[in-house]
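Working notes, structure below.
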Amino acid sequence: MRPLRIAFVASEIAPLAKTGGLADVSAALPRFLLQRGHDLRVFLPFYSTLRTAGAEPLPVEFLQDLTLEMGGHGFHWSVWTLQLPGTGVWVHLIRCPELYDRPRLYSGDEDDAFRFAFLSRATLEACQRMGFAPEILHCNDWHTSLTPLYLRSEVGWDGLFAATKTVLTLHNVAYQGIFGSHLLPALDLEEHSSLLHQEHLSHGYINFLETGLLYADALTTVSPTHASEIQTDTYGMGLQGLLRQRSSDLVGILNGVDYEIWSPETDELIPARYSAADLSGKDLCRKQLLEGMGLPSEPLGGGPGQRPPVLGIVSRLVSQKGFDLLMESLPFFLRDQGVRLVVLGEGEKRFEVFFSDLSRRFSDRVAYFRGYEERLAHWIEAGADLFLMPSRYEPCGLNQMYSLRYGTPPVVRRTGGLADAVSAFDPRTGEGTGFLFDHLTSYGFSWALDQALATWRHPDAWRKLQANGMAADFSWGRQTRRYEALYRQVAGG
Ligand code: ADP
Ligand code: GLC
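Here the sequence shown stands for residues 182 to 674, numbered as in our numbering.
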């Protein structure tokens with residue numbers, strides 16, 4: 182089939198800039214689209230904190246010393262490129278030190294409105310200057326949600342974009358980019374204010390994500406279950422009405438896993454490699470994980486049923502992830518059942534304090550590393566026996582799919598992508614890949630963990646459960662074809 186011209190724009194791309202799963206998706210999907218032969222341009226801010234992993238950004242000669250006027254201010258910018266390590270994907274880096282030299286990806290204040298509005302504007306202008314006429318312009322989350330509107334308001338006159346259709350992927354509707362309407366002139370939106378959500382304008386604010394929902398030609402979210410959930414009052418975060426109106430343009434496509442990065446057979450970041458046929462390397466990973474985290478060493482060879490399991494957590498520590506459900510019950514599991522717990526994450530103070538206190542109280546059973554550590558994330562996937570994701574909501578979630586591949590069955594709440602990727606283990610039939618609970622309570626979580634611990638006591642059942650998860654296939658190859666089908670449908674052919 183004819184290749185498509187696709188522009189893909191995001192605020193995070195792994196490993197260059199990452200705070201969560203958006204970065205993993207924005208690295209993998211373009212890579213697989215490129216493999217399918219499409220003509221692809223990827224755009225990302227040139228953050229001063231970019232992690233280039235040895236790759237060197239190069240200036241695009243004819244795109245240096247540029248000025249873009251936004252809100253009467255001339256922003257000086259240029260375009261650099263960098264090949265994503267280990268892939269054929271060239272990322273176009275929008276360099277504008279005034280906006281992107283910050284200690285963190287997101288400043289969390291008004292400043293972000295300009296930083297990301299500019300990303301949209303510069304992406305469109307870079308396409309113009311390169312003479313690149315995208316048939317699909319794929320935006321992600323609130324940061325790039327003004328792009329469909331700017332496509333009309335700023336460059337609608339340019340025939341280059343005559344056939345451009347926009348796709349907006351909703352990775353997380355809880356983050357909407359809401360700013361005071363006093364910013365409209367600075368964003369060049371004042372004279373187009375009739376195109377914005379009038380009721381919200383009258384209340385004095387503009388919502389980037391909502392604006393994207395109004396103007397993108399197609400909407401996607403990252404799992405089929407979440408596509409239904411966000412149309413309800415419980416999960417829609419105030420956007421449910423609009424999402425219901427656009428229901429026929431909204432599809433859920435489950436994220437994939439990049440198995441070149443996340444496979445225990447080849448993972449160079451873990452202490453030993455292993456496969457479903459030979460799990461001895463996993464045992465070594467567990468031993469080294471415990472020792473590396475300062476917990477008492479345990480001999481090799483103690484399998485399911487012979488020792489308490491190691492529970493693992495790798496997460497942003499925010500209320501979305503549901504860790505408050507563990508606060509009451511975890512101490513009992515640690516004390517009465519002797520389970521071990523290894524946690525990696527940072528975020529809200531109340532969760533950081535909870536896990537630090539727990540590691541002091543159960544110093545021989547709990548280890549908490551506060552921070553962001555790529556290697557340790559892989560170690561925990563490999564070295565833990567069970568992986569915990571009690572999320573209140575989870576648009577997709579990647580760690581449950583990684584943990585399945587690493588033979589580390591997940592305990593998850595039945596929501597979003599967790600519900601779509603994990604099936605309940607049934608000891609009678611030997612089918613299923615993990616443990617799910619419905620009730621958003623401490624009891625709900627304890628019930629699921631109890632089921633997991635009961636299964637752990639039966640080595641044969643446990644091995645079957647692990648094998649089921651390791652055989653599950655969430656490869657990007659298949660999911661990329663779903664995006665491709667959507668692009669063709671939107672592009673009209
Ligand atoms: P979300 O995007 O909501 O954070 P996902 O499950 O989709 O959730 O993706 C999380 C990604 O971020 C995974 O790749 C996970 O390993 C990674 N991650 C989260 N917290 C950390 C951390 N503290 N250190 C290293 N990696 C982390
Ligand atoms: C968001 C969601 C997460 C999803 C990720 C990538 O951050 O919280 O569930 O996996 O985006 O789509």
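A virtual CB, placed ideally from N, CA and C, is assigned to each residue, including glycine.
Distance cut-off 8 Å: residue i Cβ against heavy atoms of the ligand ADP
i           : result
residue 321 : no
residue 205 : yes
residue 352 : yes
residue 579 : yes
residue 576 : yes
residue 526 : yes
residue 557 : yes
residue 497 : yes
residue 441 : no
residue 553 : yes
residue 388 : no
residue 587 : no
residue 436 : yes
residue 583 : yes
Buried/exposed call for residue i, threshold 16 Cβ in 10 Å
i           : result
residue 342 : buried
residue 292 : exposed
residue 234 : exposed
residue 335 : buried
residue 447 : exposed
residue 596 : buried
residue 477 : exposed
residue 401 : buried
residue 301 : buried
residue 666 : exposed
residue 338 : exposed
residue 352 : buried
residue 237 : exposed
residue 647 : buried
residue 380 : exposed
residue 426 : exposed
residue 502 : buried
residue 407 : buried
Residue i to residue j span [Cα, whole Å]
i           : j           : result
residue 424 : residue 273 : 31 Å
residue 508 : residue 206 : 31 Å
residue 204 : residue 195 : 5 Å
residue 534 : residue 505 : 12 Å
residue 443 : residue 583 : 6 Å
residue 540 : residue 218 : 50 Å
residue 418 : residue 603 : 25 Å
residue 680 : residue 486 : Since the first residue of the chain shown is 182 and the last is 674, residue 680 is not available in this structure.
residue 415 : residue 637 : 34 Å
residue 558 : residue 439 : 15 Å
residue 468 : residue 550 : 17 Å
residue 241 : residue 420 : 40 Å
residue 464 : residue 479 : 10 Å
residue 622 : residue 554 : 30 Å
residue 215 : residue 188 : 12 Å
residue 579 : residue 601 : 12 Å
Nonlocal neighbours in the same chain, by C-beta distance under 7 Å from residue i, ignoring five residues either side
i           : result
residue 523 : 470, 474, 491, 493, 548, 561, 565
residue 389 : 323, 326, 327, 357, 358
residue 628 : 618
residue 282 : 229
residue 371 : 365
residue 331 : 301, 302, 305
residue 484 : 640
residue 481 : 464, 465, 468
6 Å CB neighbourhood of residue i in its chain, flanking five on each side removed
i           : result
residue 212 : 268, 270
residue 608 : 642
residue 347 : 318, 329, 397, 398
residue 298 : 327, 368
residue 277 : 256, 258
residue 295 : none
residue 350 : 321, 401
residue 260 : 241, 244, 273, 307
beta-carbon residue i near the ligand GLC non-hydrogen atom, thresh 8 Å
i           : result
residue 501 : yes
residue 201 : yes
residue 598 : yes
residue 403 : yes
Contacting residues, own chain, Cβ-Cβ under 8 Å from residue i (five flanking each side not counted)
i           : result
residue 458 : none
residue 344 : 314, 316, 672
Examine the Cβ distances between the stretch 428-436 and the stretch 358-376 and report whether three or more of them are shorter than 8 Å. no
Mind the definition here: the stretch 249-269 touches the stretch 282-292 only if three or more C-beta pairs lie below 8 Å; say whether that holds. no
Within 8 Å, do at least three Cβ pairs link the stretch 583-592 to the stretch 610-617? yes
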